[in-house]
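Take the sequence shown: its position 23, counted from the start at 1, is 14 in my numbering, and no numbers get skipped. Here is the structure we will look at.
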Amino acid sequence: MPKKREVVADTSALLSLQSGDLLRQIGERYTLLVTESVVEELQDFARHDDELGDMAREILRKGEFLDVRTVRTTEEIPEVESTDNEVYNLALEEELMLMTDDVKLCRKIEKVETAFSTYFLGFLVESDELTTEEALEKLRSMRDRRNWKENMIYLTTRKELEKLL
């Protein structure tokens, strides 16, 4: 079996992938690199008896798809959480894409390629693992479960997927 591609993922991206029931499918094709602080954030969410807590517990149960790495922070992005600086530095150190649904963080990052979790929907359509209609349904599920309403992530991805119809 060929080596899986790697991508750095933050907490928001993992929650979104789980909300679209995509984590297992993506984890079978990609190694999802995370920091210890991402795992800690998931554990914090998992303590709550709500939908985010349910999703976090499910992600932690699927831990075989997560490769937890320790990283030294060599560059800091001002005005962001320490976890964000850690995943940024991991992506920088490993020269990998950072998967995040934190729009504000994306705007502040310059040295690392970033993508929203919904990037994988297009990937799965292009590789014939999902139909465009299935991808749009998963996107709607992500929107509803993550309470995105009509935000930039949803609107941009919907527009790109509709081009594939």
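Note that beta-carbon positions come from the ideal geometry of N, C-alpha and C, so glycine has one too.
State the beta-bridge partners of valine 25 as determined by DSSP.
By one-based count along the sequence shown, residue 25 stands at place 34. In DSSP, valine 25 forms a bridge with Val59.
Only counting the same chain, and skipping five residues up and downstream in sequence, which positions put a Cβ closer than 6 Å to that of threonine 148?
Locating residue 148 in the sequence shown gives position 157, where the first residue counts as 1. Here the set comprises Thr109, Leu130.
Rounded straight-line distance, which links the Cα of aspartate 58 to that of valine -1:
The residue labelled residue -1 in the question sits at position 8 within the sequence shown. The residue labelled residue 58 in the question sits at position 67 within the sequence shown. For valine -1 and aspartate 58, the distance between alpha carbons rounds to 9 Å.
May I have the straight-line CA-CA distance separating aspartate 92 from arginine 137, to the nearest angstrom?
Counting from 1 along the sequence shown, the entry for residue 92 is found at position 101. Counting from 1 along the sequence shown, the entry for residue 137 is found at position 146. Spanning the two alpha carbons is a distance of roughly 10 Å.
Using a Cβ-Cβ cut-off of 8 Å (strictly less than) and excluding sequence neighbours within five positions of glutamate 55, which residues of its own chain qualify?
On the sequence shown, residue 55 is found 64 positions in, with the first residue counted as 1. If we look at glutamate 55 and ignore the five residues flanking it on each side, its Cβ neighbours are Gly18.
I need the boundaries of the beta strand (DSSP E) containing valine -2, first residue and last residue.
Locating residue -2 in the sequence shown gives position 7, counting from the first residue. -4 to 0 is the extent of the beta strand (DSSP E) around valine -2.
Rounding to the nearest angstrom, what Cα-Cα distance links lysine 150 and glutamate 141 in this structure?
Along the sequence shown, one-based indexing puts residue 150 at 159. Along the sequence shown, one-based indexing puts residue 141 at 150. Computed Cα separation, rounded: 12 Å.
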